[in-house]
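Here the protein sequences line up with chains R and L, keeping their order.
According to my numbering, the first sequence is numbered sequentially starting from 1308.
According to my numbering, the second sequence is numbered sequentially starting from 435.
We put the beta carbon where it would ideally sit given N, CA and C, even for glycine.
Below you'll find the structure, written out as structure tokens, and then a few comments.
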Amino acid sequence: MIGSVVGVLFDGLAYGSLLFIIAVGLSVTLGLMNFVNLAHGALAMVGGYVCVVAMSRLGIPFLATLPIAFVASALVGIVLERTLYQRLYKASPLDQVLFSIGLVFISIAIATYIFGSSQQPVNLPSYLQGQVHILIHDFGVYRIFLIAIVAVVTLGLHLILERTRFGSRVRASVDNATAAAGLGINVNRVFALTFALGSGLAGLGGALGIEVLGLDPTFPLKYMVYFLLVVSVGGTGTIKGPLVAALILGVFDVAGKYYVPEIGGFVIYALMVVLLIVFPAGLYGRKS
Amino acid sequence: MTDAAASAKSVTTATGEVRLPDGRWRPLEFAFWVLPVIGFFAFPDYRVLGSQILITGLFAVSLDLILGYAGIVSLGHAAFFGIGAYAAGLLAVHGWHEPISGLIAAAAVAAVAGYLVSFLVVRGSDLTRLMVTLGIGLMLFEAANKASWITGGVDGLSGVTIDKILGIWSFDLGGRTAFVYALVVVFVVFLLVRRLVASPLGLSLRGIREGGRRMPAIGAPVAKRLRTIFTIAAAVAGVAGGLIAQTTQFVGIDGLSFQRSAELMIILVLGGAGRLYGGLVGALVFMVAQDYLSGIDPVYWQFWLGFFLVLIVLFARGGILGGLDALRARLGGEEKR
């Protein structure tokens, strides 16, 4: 009994950290540019496919594909930002929603055209497979690896945002873009760089998540809700909010599917509606 | 909100005199409603598609009420369409075969659901509304999926048998009755909606859309107005859902899906939001294009869908009707705004 609770908790945390790493970029886009970007999952999908192609066609080992996935998604992100997204920062939420749904449909069609509609396999190296027994429960090695990576990335993000000049520019722009621009901060460039960083992280998450979330062309649509959930429940513009929200959602989703499989996905949607009603501006929301 | 602002402005008549929006019929509107009648006789093979276009058009009009007029972005409007469809379908399956009372029941059930949901939707910012409507839509989809002993689950609800309309006309395979029935119902509901948006309620909704914070200052109860229109929109969507269940004699679970909600937004924006006729025009163009393009290849269809969506947002805000307005303004030689 305790074993299963620990197991669910652990799997939930691993799942939650994955959601966090993909969605944290979305939180920044939303907090910084007030842009409702439903196509964020498409950037994660780019990372996933880059990882698969690099491994199966080019024979690059799994760990080495992760930075490649990061860079590829960041590049795609920055190109999209400069050419398309930046035109819509001032548009209404409706326009942004429609535009990004359009991008989702396009990405699904392109992925289907190139890779077919089947699930993509990923061959993890042997040292990331299997389980280790710690005290009372068998823990999956890959999930431990996931949690560790996300912990490192979160720490890195925190340091970047709090300790570097770039970080203070980002925070200043989030708080008040006009005043920040008046102080000589190139807000547009800050936006572009943060967008690239967020896209890169999504790509990294997409590559890491093939084993857990799967990878097929409907990925952006299938997990869109989860990413939006993390951000809207966590509140925008912070790291702590999405992290806590992602972990809560991860644990509840896994627990719901494990203990009450009959109602399955219901748990997470109900939880989301309740959380949004109780905290309309998110758990750590600064402004609605 | 440029297109929305334009439609909220006072109407400029041909003589250049400026007046408030009123309920008077314009010649183009008469022409528009003659189209389906012509279509009925000119394309007898496409009557089934035609009735679905009409129904989808009505569904889009219901979304227009909350999105175009009240400015609430909803990603879960299919929920009420699905509720209406299941209500009408289940009634028919369990022994109540009379169509018109079935439609009224569908509208009533959807309205009750809409009223309950409206309390959640009125709170919060745009993003919260988006997420709450999305979440409720997904929840209903899951519920219908799991409760397969009631809804038939993924296989859908079949065995929906409907009596003759008014005891005279029975539904046929060629879609003759279905088309006329859908046309009459859609027209009647459209008349009501048309009256509604020109009423003080409709005008105050536009006021809320343009400046929600200022409306309380002139004594408009914002939350109450939004709840009212959300409930009405849900009822209209329920009628559309009931119609589709009765005319196709089947209820599919995809009526509740996110894809449906997203497509509906596309239809509305394609036609032009906040314009009443936008939803109908959008449904016509969208479904004819879908019928043609997805016949070639479903994957290409999704690509073009996304592609046109991006193009509309970037270059053609206001949709087809907005574009026509701009064109007419240019041809008329008058300065736009």
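- Counting only the Cα atoms, ALA1416 of chain R lies some 37 Å from VAL619 of chain L.
- Not a single C-beta of chain L is nearer than 8 Å to the C-beta of SER1506 of chain R.
- For the pair VAL673 of chain L and ALA540 of chain L, the CB atoms are nearer than the 8 Å cut-off.
- Three or more beta-carbon pairs separated by less than 8 Å are not found between the stretch 476-486 of chain L and the stretch 632-648 of chain L, which leaves the two stretches without contact.
- For HIS1444 of chain R, no alpha helix (DSSP H) run applies; the uninterrupted beta strand (DSSP E) run containing it begins and ends at 1444-1447, by DSSP.
- In this structure, LEU690 of chain L lies near LEU574 of chain L, with their beta-carbon atoms less than 8 Å apart.
- By the C-beta density criterion, VAL1312 of chain R is exposed, having fewer than 16 other C-beta atoms within 10 angstroms.
- Scanning chain L for C-beta atoms nearer than 8 Å to the C-beta of THR1545 of chain R yields nothing, as the closest lies near 15 Å away.
- Contact of GLU576 of chain L with chain R is assigned, a C-beta pair being separated by under 8 Å.
- CA-CA distance, PHE664 of chain L to ILE538 of chain L, rounds to 18 Å.
- Less than 8 Å separates the beta-carbon of ALA657 of chain L from that of VAL556 of chain L.
- For GLN736 of chain L, at least one C-beta of chain R is nearer than 8 Å to its own C-beta.
- Of all residues in the stretch 1364-1397 of chain R, only LEU1391, ARG1394, LEU1395 place a beta-carbon less than 8 Å from a beta-carbon of chain L.
- Distance from the CA atom of THR682 of chain L to the CA atom of VAL1439 of chain R, rounded to whole angstroms, is 56 Å.
- CA-to-CA, the gap between VAL1383 of chain R and VAL1343 of chain R works out to about 18 Å.
- Here the alpha carbons of GLU532 of chain L and LEU591 of chain L stand approximately 18 Å from one another.
- Residue contact check for GLU1569 of chain R against chain L: a CB pair falls below 8 Å.
- Using a Cβ-Cβ cut-off of 8 Å, MET649 of chain L is close to nothing in chain R; its nearest Cβ partner there is about 18 Å away.
- Closer than 8 Å to the CB of PHE1502 of chain R there is not a single CB belonging to chain L.
- Interface flag for SER1539 of chain R against chain L is set, since a Cβ pair is found closer than 8 Å.
- Looking from the CA of THR1372 of chain R, the closest CA among R:ILE1570, R:ALA1514, R:LYS1564, R:TYR1533 belongs to R:ALA1514.
- Sequence-ordered contacts of the stretch 549-579 of chain L with chain R read LEU554, ARG557, GLY558, SER559, ASP560, LEU561, THR562, LEU564, MET565, VAL566, LEU568, GLY569, ILE570, LEU572, MET573, GLU576, ALA577 [C-beta pairs closer than 8 Å].
- Against chain L, the CB of ALA1553 of chain R has no partner CB under 8 Å away; the residue lies outside that interface.
- Scanning its chain for C-beta atoms nearer than 8 Å, with the 5 sequence neighbours on each side dropped, one finds around ALA1479 of chain R the residues ALA1486, ALA1487, LEU1490, ILE1492, in chain order.
- Classified as exposed, SER535 of chain L has fewer than 16 neighbouring CB atoms from the shown chains inside 10 Å of its CB.
- Nearest in C-alpha terms to PHE466 of chain L, of all of L:LEU739, L:ALA544, L:LEU745, L:LEU718, is L:LEU718.
- The residue among R:ILE1408, R:ILE1309, R:PRO1568, R:VAL1404 with its C-alpha nearest the C-alpha of TRP738 of chain L is R:ILE1408.
- Proximity of chain R to ALA696 of chain L at the Cβ level (cut-off 7 Å) is accounted for by ILE1408, in chain order.
- Beta-bridge pairing by DSSP links HIS1440 of chain R to R:ASP1445.
- Under DSSP, TRP738 of chain L takes part in no beta bridge, so it has no partner.
- Counting other Cβ atoms within 10 Å of its Cβ, ASP589 of chain L stays below 16 and is therefore classed as exposed.
- Judged by DSSP in its simplified three-state form, ILE599 of chain L adopts strand.
- Note: LEU591 of chain L is bridge-paired with L:VAL685 in the DSSP secondary-structure output.
- Here PHE684 of chain L has GLY523, GLY590, LEU591, SER592, VAL594 as same chain residues with Cβ atoms under 8 Å from its own Cβ, once five neighbours each way along the sequence are excluded.
- In the structure shown, the three-state DSSP call for ALA581 of chain L is coil.
- Straight across, the Cα-Cα distance linking TYR1530 of chain R with ILE1443 of chain R is about 32 Å.
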